[in-house]
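Visitor: In order, the protein sequence lines correspond to chains A and B.
Each number in my numbering corresponds to the 1-based position in the first sequence with 2 added.
Each number in my numbering corresponds to the 1-based position in the second sequence with 79 added.
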Amino acid sequence: MRLDITGVSVEVAGRRLVHDITLTAGSGRLIGLVGPNGSGKSTLLRCVYRALRPAAGAVRLDGTDLHALPAREAARRLAALPQEGGTDFDFTAAEVVAMGRLPHQRGSGAASAADRDVCARALARVGAAHLARRGFLGLSGGEKQRVLIARALAQEPRVLVLDEPTNHLDIAQQLEVLALVRDSRLTVLAALHDLNLAAVHCDELYVLSGGRIAASGPPHDVLTPPLLAEVFGVRAHRVPHPETGAVQLLFDRLPQTRTPA
Amino acid sequence: MPPPPGSGPPLLSVRTRPEPKASPPLARTADPALRTGPRTARTLPLAAALTTVLLASLLCGTALGAAGIGWPQVLRHLGAGLTGGTLRPDEAAAYTIVWELRFPRAVLAAVVGAGLSAIGVAVQALVRNALADPFVLGISSGAAVGANAVLLFGALASLGVWALSVSAFASALLAMALVYAAARTAHGLTPMRLVLTGTAMYYGFSAVTTLMVFTADRGEAARSAMMWLLGSLGGAGWGSVPIAALAVAAALVHLRCSAGRLNALAMGDETAAALGVDPGRLRRELFVVAAAATGAVVAVSGAIGFVGLMVPHATRMLVGADHRRVLTVAPLLGAVLLVWVDVLSRVLLAPVELPVGVVTAVLGVPCFVLLMRRRGYTFGGGA
């Protein structure tokens, strides 16, 4: 399913945080959203998974305006892993995954056998079947993220939105999470902090700066030293990955006089 | 605890990690030192057992009391009250005690216990805070103002025996409107604002109540005001049962039907939105339901503390956090608890009657601390 963001601006508490963004994620593609803190990545994503409404523009799935759909209907097509501070309630991993069926259920939300089957398969798919009965709060960061991905998969969506899915994970877990996302074959829009991970895993990157798109295209074309100096305020060296040839970056501070505001 | 390198599930993007793939994920056993999952006892058998216990408790609540009435007589009077029957004239006093005083009182205790427990669950999800209880929204202290106006100054005297309930409920609704208006922002009701506003209002209303008790010159009235503030089922009769029961039943049905959405809300507003639940709308809904039910319950029983805090937690220890299970078990558990608390409040120092709130605290605090210290219960991440 194709995700189109056209001319989207987002305002929070009267301040325009995202300006006129146009972005396309083709079916089955993994699109990365990169940019420094405060560049509007999360705000744009929140608008995509309907936690915010756009002040202007539209988010469309295969041409259907997402914000015109009923909430449950939208959640059956698009799932998200928001960045959230966590919960006080110690649900088991299986219970967390079962929440993914909520948009498919009516009334009191009694889980059918089919629902349980979908959840079990989602957990197995992320290699977390053995965690089902464990308390979510007691899981490691990587385990939690896998369970949350299983919840998103249990929604049986066509599009997946991820906000910094690799935050607070060690490197093996980061690679694991991105591999799982890749493996889902869904259309994915993900905000990522780590430019090298983004360069390797994403089909296309959109670079955000001050709520606007500064550059977009294949990682190789986008991650250029001048752009990185301008947007991130760092000096970057490009080196090819010794095995895959993918672009990788080494960073230094910019000389002090060129520190951007 | 991060998994050892190479023990994760099969990776697809091996290009960044060329080492051979290790054991499949199922081979990895959970570290036994880690916390085991929350208890997920089978809910339906537990609910059935609790229902049986509740019925037995209602019987005991009717049979036990200051006036010694034997079991056979109690059962006969109950049967007479329920199905009709003839009694000898000399049995009239016992019949009145059983059918007009004790039984409605036990039923009301069950209704109030079930209501406070379910409202506690809802409010904790509403403000996403473990320490919340039905009274954190400031509704009960608002009701107290109305109740005390009747108890101390004889307000609404024209309503007769209904004056207390009506005045308490009306002022609860007024408090609800005040808290709602003060806590509301452009983004809707946020948990922190609700808690802070509710707490501030609580102190405000309490000050008014205290002032009223202070300025009232009738000692006995002040005593009944105090009794009401600590919670009492002393005024129970068949008259006070129907409205409270109806309000509690409606709240229970609504909450139980919202259990899935409550789960989503408990995970956070963003997650709820991504799952197709409008957190703002759900929160408004919960606020109105919780506040109206609190008002109806508090109007007939006063501010019985601790039940709405303790029973939700105890229930989660038994069946885990899933609101579908919690909202099935908590009302039953709360009902049983309050029936027995009321019995104790009547018989411990008979013929003097203890405030119910005192008994819930005396019983509840040690039980709760013991339960909480057992391993396997997490609420707040680090327990």
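Ideal Cβ placement from N, Cα and C applies to all residues, glycine included.
Going along the chain, which residues of the region 207-219 of chain B sit with their C-beta nearer than 9 Å to a C-beta in chain A?
Guide: Those residues of the region 207-219 of chain B that come within reach of chain A (Cβ to Cβ, closer than 9 Å) are 207, 208, 209.
Visitor: Mind checking who residue 17 (chain A) pairs with in its DSSP beta bridge?
Guide: Here residue 17 (chain A) corresponds to residue number 15 of the first sequence, with the count starting at 1. In DSSP, residue 17 (chain A) forms a bridge with A:14.
Visitor: I'd like to confirm something about residue 238 (chain A): is its beta-carbon nearer than 7 Å to some heavy atom of the ligand GTP, or not?
Guide: Inclusion of the ligand GTP in the displayed structure is not the case, the ligand content being empty and no account of it being possible.
Visitor: Contact check, residue 243 (chain B) vs residue 226 (chain B) under 8 Å by CB: the rounded distance?
Guide: As a first step, residue 243 (chain B) is located in the second sequence; it is residue number 164 there, counting from the start. As a first step, residue 226 (chain B) is located in the second sequence; it is residue number 147 there, counting from the start. With 8 Å as the limit, residue 243 (chain B) and residue 226 (chain B) qualify as a contact, their Cβ atoms being about 6 Å apart.
Visitor: Can you look up residue 264 (chain A) in the DSSP assignment and give me helix, strand or coil?
Guide: The structure shown does not extend to residue 264 (chain A), since chain A is modelled only from 3 to 263, so the question has no answer here.
Visitor: When DSSP builds the beta bridges, which residues end up paired with residue 250 (chain A)?
Guide: Taking the first sequence and counting its residues from 1, the one referred to as residue 250 (chain A) is at position 248. DSSP, once it has assigned bridges, lists A:241 as partnering residue 250 (chain A).
Visitor: For residue 209 (chain A), which residues does DSSP report across the bridge?
Guide: Counted from its first residue, the first sequence places residue 209 (chain A) at position 207. DSSP output for residue 209 (chain A) lists A:36, A:217 as bridge partner(s).
Visitor: Starting from residue 59 (chain A), trace the beta strand (DSSP E) in both directions and tell me its first and last residue.
Guide: Within the first sequence, residue 59 (chain A) is the residue found at index 57, counting from 1. First-last of the beta strand (DSSP E) with residue 59 (chain A): 58-63.
Visitor: Does residue 383 (chain B) come out as helix, strand or coil in the three-state DSSP assignment?
Guide: Locating residue 383 (chain B) in the second sequence gives position 304, counting from the first residue. Residue 383 (chain B): coil per DSSP, three-state reduction.
Visitor: Write down every uninterrupted run of the alpha helix (DSSP H) in the region 142-200 of chain A whose length is 4 residues or greater and which is fully enclosed by it, in chain order.
Guide: Entirely contained in the region 142-200 of chain A, the alpha helix (DSSP H) runs reaching 4 residues are, in chain order, 143-156, 173-185.
Visitor: How long is the line joining the alpha carbons of residue 366 (chain B) and residue 235 (chain A), rounded to whole angstroms?
Guide: By one-based count along the second sequence, residue 366 (chain B) stands at place 287. By one-based count along the first sequence, residue 235 (chain A) stands at place 233. One C-alpha to the other measures close to 47 Å.
Visitor: So what does DSSP say about residue 25 (chain A), is it helix, strand or coil?
Guide: For this step, residue 25 (chain A) is matched to residue 23 along the first sequence. Correct three-state label for residue 25 (chain A): strand.
Visitor: Just checking, does the region 165-185 of chain B make contact with the region 305-318 of chain B on the three C-beta pairs under 8 Å criterion?
Guide: With the cut-off at 8 Å, the region 165-185 of chain B and the region 305-318 of chain B touch.
Visitor: Determine the contact status of residue 168 (chain B) and residue 195 (chain B), defining contact as a CB-CB distance below 8 Å.
Guide: Locating residue 168 (chain B) in the second sequence gives position 89, counting from the first residue. Locating residue 195 (chain B) in the second sequence gives position 116, counting from the first residue. Not in contact: residue 168 (chain B) and residue 195 (chain B) (Cβ atoms no closer than 8 Å).
Visitor: So with Cβ pairs under 8 Å, would you call residue 84 (chain A) a contact of chain B?
Guide: Here residue 84 (chain A) corresponds to residue number 82 of the first sequence, with the count starting at 1. Yes, contact with chain B.
Visitor: Do residue 413 (chain B) and residue 193 (chain B) have their beta-carbon atoms positioned less than 8 Å apart in this structure?
Guide: Your numbering for residue 193 (chain B) matches position 114 in the second sequence. Your numbering for residue 413 (chain B) matches position 334 in the second sequence. Yes, the Cβ-Cβ distance between residue 193 (chain B) and residue 413 (chain B) is below 8 Å.
Visitor: How do the region 416-432 of chain B and the region 125-138 of chain B stand: do at least 3 beta-carbon pairs fall below 8 Å, yes or no?
Guide: Cβ pair count under 8 Å is three or more, so yes.
Visitor: Using only alpha-carbon positions, find the residue among B:241, B:321, B:217 that is nearest to residue 287 (chain B).
Guide: Stepping through the second sequence from its first residue, residue 287 (chain B) is reached at position 208. That would be B:217, whose Cα lies nearest to the Cα of residue 287 (chain B).
Visitor: With residue 82 (chain A) as the anchor, note down where its beta strand (DSSP E) starts and where it stops.
Guide: As a first step, residue 82 (chain A) is located in the first sequence; it is residue number 80 there, counting from the start. Where residue 82 (chain A) is concerned, the enclosing beta strand (DSSP E) stretches over 80-83.
Visitor: In whole angstroms, what is the alpha-carbon distance linking residue 38 (chain A) and residue 145 (chain A)?
Guide: The count along the first sequence starts at 1 and reaches residue 38 (chain A) at position 36. The count along the first sequence starts at 1 and reaches residue 145 (chain A) at position 143. The alpha-carbon atoms of residue 38 (chain A) and residue 145 (chain A) are separated by roughly 27 Å.
Visitor: Between the C-alpha atoms of residue 93 (chain A) and residue 145 (chain B), what's the straight-line distance to the nearest angstrom?
Guide: On the first sequence, residue 93 (chain A) is found 91 positions in, with the first residue counted as 1. On the second sequence, residue 145 (chain B) is found 66 positions in, with the first residue counted as 1. Roughly 45 Å separates the two Cα atoms.
Visitor: Could you please give me the residues that DSSP links to residue 214 (chain B) through a beta bridge?
Guide: Here residue 214 (chain B) is taken as the residue at index 135 of the second sequence, counted from 1. Bridge partners of residue 214 (chain B): none, in fact.
Visitor: Between the alpha carbons of residue 17 (chain A) and residue 57 (chain A), how many angstroms are there, rounded?
Guide: By 1-based counting over the first sequence, the position of residue 17 (chain A) is 15. By 1-based counting over the first sequence, the position of residue 57 (chain A) is 55. The alpha-carbon atoms of residue 17 (chain A) and residue 57 (chain A) are separated by roughly 11 Å.
Visitor: Relative to chain A, which residues along the region 313-338 of chain B have a C-beta separation below 9 Å, given in chain order?
Guide: Hits within the stretch, in order: 335, 336, 337, 338.
Visitor: With a threshold of 16 other CB atoms inside 10 Å of the CB of residue 156 (chain B), please say whether the residue is buried or exposed.
Guide: Locating residue 156 (chain B) in the second sequence gives position 77, where the first residue counts as 1. Looking at its Cβ environment, which holds 16 or more other Cβ atoms inside 10 Å, residue 156 (chain B) is buried.
Visitor: Verify the CB distance criterion: does residue 347 (chain B) have a CB-CB separation below 8 Å to chain A?
Guide: Against the second sequence, residue 347 (chain B) aligns to sequence position 268. Chain A contact via Cβ: present.
Visitor: On a Cα-Cα basis, can you pick out the residue from A:174, A:203, A:147 that is closest to residue 187 (chain A)?
Guide: For the purposes of this step, residue 187 (chain A) is taken as residue 185 along the first sequence, with counting starting at 1. That would be A:203, whose Cα lies nearest to the Cα of residue 187 (chain A).
Visitor: Ignore the nearest five residues each way along the sequence and tell me which others in residue 437 (chain B)'s own chain have a CB closer than 8 Å to its CB.
Guide: Walking along the second sequence from the start, residue 437 (chain B) turns up at place 358. Excluding residues within five positions, the ones whose Cβ falls inside 8 Å are 309, 424.
Visitor: List the residues of chain B that residue 193 (chain A) touches, going by C-beta distances under 7 Å, in chain order.
Guide: Here residue 193 (chain A) is taken as the residue at index 191 of the first sequence, counted from 1. Under the 7 Å cutoff, chain B gives no residues; its nearest Cβ is about 13 Å from residue 193 (chain A).
Visitor: What residue does the alpha helix (DSSP H) around residue 258 (chain B) start on, and which one ends it?
Guide: Counting from 1 along the second sequence, the entry for residue 258 (chain B) is found at position 179. Here the alpha helix (DSSP H) through residue 258 (chain B) covers 242-262.
Visitor: Give a yes or no on whether the minimum CB-CB distance between residue 94 (chain A) and chain B is below 8 Å.
Guide: Stepping through the first sequence from its first residue, residue 94 (chain A) is reached at position 92. Yes, because at least one Cβ of chain B sits closer than 8 Å to the Cβ of residue 94 (chain A).
Visitor: Thinking C-beta only, is residue 343 (chain B) closer than 8 Å to residue 101 (chain A)?
Guide: Counting from 1 along the first sequence, the entry for residue 101 (chain A) is found at position 99. Counting from 1 along the second sequence, the entry for residue 343 (chain B) is found at position 264. Yes, they are a contact pair.
Visitor: With DSSP collapsed to three states, give me the class of residue 269 (chain B).
Guide: For the purposes of this step, residue 269 (chain B) is taken as the residue at position 190 of the second sequence. In the structure shown, residue 269 (chain B) sits in coil (DSSP, three-state: anything other than H, G, I, E or B).
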